[in-house]
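Peer 1:
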Ligand code: ANZ
Ligand code: ZN
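In this note's numbering, the protein residues as written are 4 to 858.
Here it is, written out as C-alpha cells:
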C-alpha cells in the first residue's frame, strides 16, 4: 500500500484502537509454554482528571508490556480504579451528588481517555474497588485475619482531623496537619481496628535485604527506616516511696545508665493520667501536648517541655541515686514503654530538656583518648569510651551496652530487648465512602463477626452529607441489626476501612475479577508475584509496606503461597513544567502565555509575564498541561515518544513545547523514511556480505535490535529512543543501489517498525501495513538478531568500584564514557559498593574496564 504524503495520527490512532479492540489483541493469553510476565502500574484514583504523571507511569508500563509480548512472553497487563476515598465525599457535599455517581462517572471518563491513548490493557480484567463485588472479598479476608489474630480492636491514641472529622494514620499527618484538609490535628483516644503488621516486622525487614534486590535502593532504605529495628534494653526503675509498681523503660543506650539525670513519661502514660486527677496544671499540660497529634515528626520538632511530678525513682544499679520524674511532651506512648531515662549528655532531646529545667548533664562517653569532657550546646553522639561510669570506665560503647545489660540482669532489673518503630496499621475510618468493616457490636456478646454467608455488608445508598461526621452513624436503619449470636438488638460497626486496604490486594483480583470466590487460586498463582510494578515514589513506604504485609497475611490464612507481592519495582520521577506569573503576581497557564513580536513573553492581552523555574505540575501553580489536549493536538504517539526520549524514568521530566514538537517532527521523518523506501524494498532478501555499505547497515540494524532489547526491560527508554534515532539517521543517508543494499534497506525498515512498535504503537501499525506486514505489528515477534553481526561490536565491560570487580555490562566496543557510566551505576552491586560515598573519579578503558573511584 502506497503511503499518503503525510501521517495523520488524529485519524489513524482511533481506527487502530478500534481494530485492536475488535480483534481482542490485548486479551490475556491462555496458559502456554511461554514464560509469564505480569506488568502492573499503580491504579489511579478516579478523580476525573488524567494528568501527565498518569500518562508517564502508564506509558512506561505499556512499552514494557508490548515489548515483552513481542519477545515471547504471556503478558498480563490490567488496569482498574482505586475508587473509595474522601474526594468522592467532598465532591458529593459540593455538588450534591452521591459519591458513587461521581466516582462511576469519573471512571467512565478516564477509561475513555485511557482508551484514546491506546494502552494495551486487557479491559476484561478491570476492577473498581468500590464495587460490592470487590469489597465483599476483602470483608471476608478481614474475617480470616480476625480469626487468625491478625486483626484486633483496641482503644488507642489517634490523630483526629477536626475538619474532615476522621482519624488519620500518622503517615497522613504532614507537619502536624491532615494531608487532605490541612487542618491542625489533635490526639484523641478512640476504639479502633488494627491489622497486626508488627507481627511481620522481622520478616518484612529480612525480605528488604534478601528478596527485594530489584527495588530501588532508596525505597529499600525508606522501608528499613520505617520498620526501624533497634536493639536495646528493657529495665525497671523503682519509685522511692514504693507507692506503685516499678516503672518499665526502654533504651537503646544502656551504656549511658550512669549519665541518667531524670526519668520522663509520656503525657498519655497511665501514671500521668492518674497524677493529673489531683493536679490541674498537669491536666492543662497534657491537653496542650495532645494538640501535637501522634505524628513523630511533629513531636520531634516541637520545643521539649515538661511538667515536674512529685515522684522520684531509684537508679536501678544504685538505690542511693534519686531521679526526678517528669511528664515530657516528646515521649511517645506507643513506642517502647512510653517512659525513658534521660541522659542529656548523649541525646539532643534530653539535652534541650535538661537545659530548660536545669538538670545535671553528666558526660559518660568520651572520644578515644579524652579523659575529661564538658557538654555545651551539643550532645556527644559519637563513639568512644565510657567515663564517669564507675567500674565500666574505659569500655567501648558496645562493650558498655553488654556490660550494662549483664549488670541489670544480675540485679533483676532488666534484660536486652529488640524493638521496632513499626506500629500496627490502624484501619478504621469514620467515613461513608469506604468498605464497611464487617462486625456487629452486641451489648451482650461484644464484637461479633458478620457471618460469611451474610457478606457483603453493603453501603446504604440513601445518605446525605448535610452535617459533618459519618452518615453511616446517623443513618436511621442501616446500623440496627440483630446479633448473629444471640439474636438480640445490636448495631453494626459504622467505621469503614482505610483505602489502603483496597490497594493492598487489587493486583490479585485482576487475575480473575469475576470469580465468586475471593481469589481464583489457579490464576493468582499463575501470574503472581507481579514481575514489574511501576508507580510514584510517594508510595515508597505506606502502600508498598501495607501490600507486602497483606500478602503475608493472606499466605498465613491459606489464600496464596507466595510471600512478596512485587519482584521488581520502578519508581518514576515527576513531570515538571516552567511556571508563569503575570505583572500582578498571578499564576498563568502555559497556553495563556505567548511570545510578542519583539520576542518578549506576555499574556494574550499583552501584560508581561515572568518565567519561573520548572516545578512539579500542579493546579495551584497552573503549570499543568492536560494529556488530553496533547493527544487531541498531536496524537498519543507524539506524547509518548516525548516522555520516553527525554530523561530516564526515575528522573524528573521537564515538559516543554519544544520537546513535543521535536517528537512530532521525528514521527513525520519516520513516515517519510518508510514512504521513500517503499519502491526500493520490493526485491529479494538475499544478503551479500561483500557489499560493504550493505554490511554496515546490517550491522547497525542488528546492533540496534540487540541493544534496544536490553534497554527496554532495564527501563533505559531514553537510550533506546536515541539508538533508534541513530539507526533511522543511517537509513536516511543510505543509497540503496545494488540488490544487496536494497535487501539491507528492507531489513532495516522492517527492524525500525518493530523497534518503534512498543513506543509509537499507532504509527508502527500504519507503517507495518504499508510494507504489507501480516497481522498487527504488536503481535509480531521481535526480529531475530544475528549475533554474528553484533558480536564484533559488543564487548563485556568489567565494572569496578575502587578497584574491586562489582559487575559487568554489555556495550558497544567504542561506547563513550557517557554511554557506559549510567549503565554501570544502575548495577545493584555497584550501588551497594558506592552507597553513601561520593563518586570522585571515573577511569574508563574502552572495551576493557570501567573503574569508579568513590570516597
Ligand atoms: C537512654 C538514652 C541515652 C537514650 C542516650 C538515647 C541516648 P531509637 O534508637 O529511635 O529506637 N525513647 C525510648 N522510648 C521512647 C519514647 N516512647 N518516646 C520518645 N523517646 C523514647 O530510640 C530509642 C531511644 O529513644 C531510647 O534510648 C530512649 O532514649 C528514647 F544517651 O534511653 B534512650
Ligand atoms: Zn449477641
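A virtual CB, placed ideally from N, CA and C, is assigned to each residue, including glycine.
(1) Go through its chain and collect everything with a Cβ distance to residue 459's Cβ below 7 Å, but skip five positions before and after it.
(2) What first and last residue would you give for the alpha helix (DSSP H) that runs through residue 401?
(3) Hey, how far is the Cα of residue 457 from the Cα of residue 272?
(4) According to DSSP, simplified to helix, strand and coil, what is residue 365?
(5) So does residue 484 have its beta carbon nearer than 7 Å to some heavy atom of ligand 2?
(6) Counting only runs of 4+ residues fully inside the region 7-66, write out the alpha helix (DSSP H) ranges in chain order.
(7) Use the C-beta contact count for residue 43: other C-beta atoms within 10 angstroms, 16 or more gives buried, fewer gives exposed.
(8) DSSP state of residue 456, grouped into three classes?
(9) Using 8 Å as the threshold, is the region 183-202 in touch with the region 385-392, meaning 3 or more CB pairs across them?
(10) Expressed to the nearest angstrom, what Euclidean distance is found between the alpha-carbon atoms of residue 114 and residue 107?
(11) Please report the Cβ distance between residue 802 and residue 853, rounded to the nearest whole angstrom; I am assuming they are in contact, meaning their Cβ atoms lie under 8 Å.
(12) Please tell me whether residue 724 and residue 647 are closer than 8 Å, where the distance is taken between their beta carbons.
(13) Are residue 66 and residue 779 close, meaning C-beta to C-beta below 8 Å?
(14) Would you mind sorting residue 688 into buried or exposed? The rule is 16 or more other CB atoms within 10 Å of its CB.
(15) Under 7 Å from any heavy atom of ligand 2, does the C-beta of residue 451 make it?
(16) Is it a yes or a no for the region 40-57 touching the region 153-165, going by three-plus beta-carbon pairs under 8 Å?
(17) Roughly how many angstroms separate the alpha carbons of residue 661 and residue 813, rounded to a whole number?
(18) Three-state secondary structure (DSSP) at residue 448?
(19) Can you tell me whether residue 427 sits near ligand 1, meaning its C-beta is under 7 Å from at least one heavy atom of the ligand?
(20) Would you report the Cα separation of residue 714 and residue 844, rounded to the nearest angstrom?
(21) Go ahead and pull the three-state DSSP assignment for residue 144.
(22) Taking 8 Å as the threshold (C-beta atoms), are residue 88 and residue 508 in contact?
(23) Strictly by DSSP, which residues pair up with residue 812?
(24) Using only the heavy atoms of ligand 1, determine whether one of them is closer than 7 Å to the beta carbon of residue 551.
(25) If the criterion is Cβ atoms closer than 8 Å, does the pair residue 319 and residue 414 meet it?
(26) Near residue 95, what residues of its chain come up, given a Cβ to Cβ distance below 7 Å and the 5 sequence neighbours on each side ignored?
(27) Is it true that the region 541-559 meets the region 652-666, where meeting means three or more beta-carbon pairs spaced less than 8 Å apart?
(28) May I ask you to verify whether the region 738-747 touches the region 682-698, counting CB pairs closer than 8 Å and requiring at least 3?
(29) State the start and end residues of the unbroken beta strand (DSSP E) segment that holds residue 494.
(30) Return the Cβ separation of residue 295 and residue 305 in integer angstroms, given the expectation that the two are a contact with Cβ distance under 8 Å.
(31) Using alpha carbons as the reference points, say which of 12, 631, 585 lies closest to residue 625.
(32) Which same chain residues, not among the five before or five after residue 362, have their C-beta less than 6 Å away from its C-beta?
(33) Shortest alpha-carbon distance to residue 846 belongs to which of 819, 836, 580, 835?
(34) Quick one: measure Cβ to Cβ for residue 572 and residue 218, integer angstroms, because I've assumed they're closer than 8 Å.
(35) Quick check: residue 440 and residue 355, are their CB atoms within less than 8 Å of each other?
(36) My output table needs one value for residue 162: the three-state DSSP class, helix, strand or coil.
Peer 2: With the given structure in hand:
(1) Residue 459 sits at position 456 when you count from the first residue of the chain shown. Excluding residues within five positions, the ones whose Cβ falls inside 7 Å are 135, 138, 139, 142.
(2) For the purposes of this step, residue 401 is identified with residue 398 of the chain shown, where counting begins at 1. Element bounds for residue 401: 400-413.
(3) As a first step, residue 457 must be located in the chain shown, where it is residue number 454. As a first step, residue 272 must be located in the chain shown, where it is residue number 269. If I take the Cα positions, the gap works out to 41 Å.
(4) One-based indexing of the chain shown puts residue 365 at position 362. Correct three-state label for residue 365: coil.
(5) For this step, residue 484 is matched to residue 481 along the chain shown. No.
(6) 12-26
(7) Here residue 43 corresponds to residue number 40 of the chain shown, with the count starting at 1. Residue 43 is buried by the Cβ-count criterion.
(8) Your numbering for residue 456 matches position 453 in the chain shown. Helix, per DSSP.
(9) no
(10) Your numbering for residue 114 matches position 111 in the chain shown. Your numbering for residue 107 matches position 104 in the chain shown. Cα to Cα, residue 114 sits roughly 10 Å from residue 107.
(11) For the purposes of this step, residue 802 is taken as the residue at position 799 of the chain shown. For the purposes of this step, residue 853 is taken as the residue at position 850 of the chain shown. Contact flag correct, Cβ pair sits at about 5 Å.
(12) Along the chain shown, read from residue 1 onward, the residue named residue 724 stands at position 721. Along the chain shown, read from residue 1 onward, the residue named residue 647 stands at position 644. Yes, the Cβ-Cβ distance between residue 724 and residue 647 is below 8 Å.
(13) Residue 66 sits at position 63 when you count from the first residue of the chain shown. Residue 779 sits at position 776 when you count from the first residue of the chain shown. Contact flag unset, no.
(14) Numbered from 1 along the chain shown, position 685 holds the residue referred to as residue 688. Under this definition residue 688 is an exposed residue.
(15) The sequence position of residue 451 within the chain shown is 448, counting from 1. Because some heavy atom of ligand 2 lies under 7 Å away, the Cβ of residue 451 counts as near it: yes.
(16) no
(17) Against the chain shown, residue 661 aligns to sequence position 658. Against the chain shown, residue 813 aligns to sequence position 810. For residue 661 and residue 813, the distance between alpha carbons rounds to 33 Å.
(18) Counting from 1 along the chain shown, the entry for residue 448 is found at position 445. Looking at residue 448 - three-state DSSP - the assignment turns out to be coil, as it is neither helix nor strand.
(19) Translated into positions along the chain shown, residue 427 becomes position 424. No - ligand 1 has no heavy atom lying nearer than 7 Å to the Cβ of residue 427.
(20) The sequence position of residue 714 within the chain shown is 711, counting from 1. The sequence position of residue 844 within the chain shown is 841, counting from 1. So the alpha carbons of these two residues sit roughly 25 Å apart.
(21) Within the chain shown, numbered from 1, the residue matching residue 144 stands at position 141. Residue state, collapsed to three classes: helix.
(22) For the purposes of this step, residue 508 is taken as residue 505 along the chain shown, with counting starting at 1. For the purposes of this step, residue 88 is taken as residue 85 along the chain shown, with counting starting at 1. Not in contact: residue 508 and residue 88 (Cβ atoms no closer than 8 Å).
(23) Along the chain shown, one-based indexing puts residue 812 at 809. 800.
(24) Here residue 551 is taken as the residue at index 548 of the chain shown, counted from 1. Residue 551: no, Cβ never under 7 Å from ligand 1.
(25) Working through the chain shown from its first residue, we reach residue 319 at position 316. Working through the chain shown from its first residue, we reach residue 414 at position 411. Closer than 8 Å, so yes.
(26) Taking the chain shown and counting its residues from 1, the one referred to as residue 95 is at position 92. Result list for residue 95: 101, 102, 105, 468, in chain order.
(27) no
(28) yes
(29) The residue you call residue 494 lines up with position 491 of the chain shown. Counting along the chain, the beta strand (DSSP E) containing residue 494 begins and ends at 492-495.
(30) Reading the chain shown from its first residue, position 292 is the one you call residue 295. Reading the chain shown from its first residue, position 302 is the one you call residue 305. So it is a contact: roughly 6 Å between Cβ atoms.
(31) Walking along the chain shown from the start, residue 625 turns up at place 622. The shortest C-alpha separation from residue 625 is found at 585.
(32) As a first step, residue 362 is located in the chain shown; it is residue number 359 there, counting from the start. 264, 265, listed in sequence order.
(33) Here the question's residue 846 lines up with position 843 in the chain shown. That would be 819, whose Cα lies nearest to the Cα of residue 846.
(34) Numbered from its first residue, the chain shown carries residue 572 at position 569. Numbered from its first residue, the chain shown carries residue 218 at position 215. Contact flag correct, Cβ pair sits at about 4 Å.
(35) As a position in the chain shown, residue 440 is number 437, starting the count at 1. As a position in the chain shown, residue 355 is number 352, starting the count at 1. No, these two residues do not count as a Cβ contact at 8 Å.
(36) Within the chain shown, the letter at position 159 stands for residue 162. The answer is strand: DSSP assigns residue 162 an E or B state.
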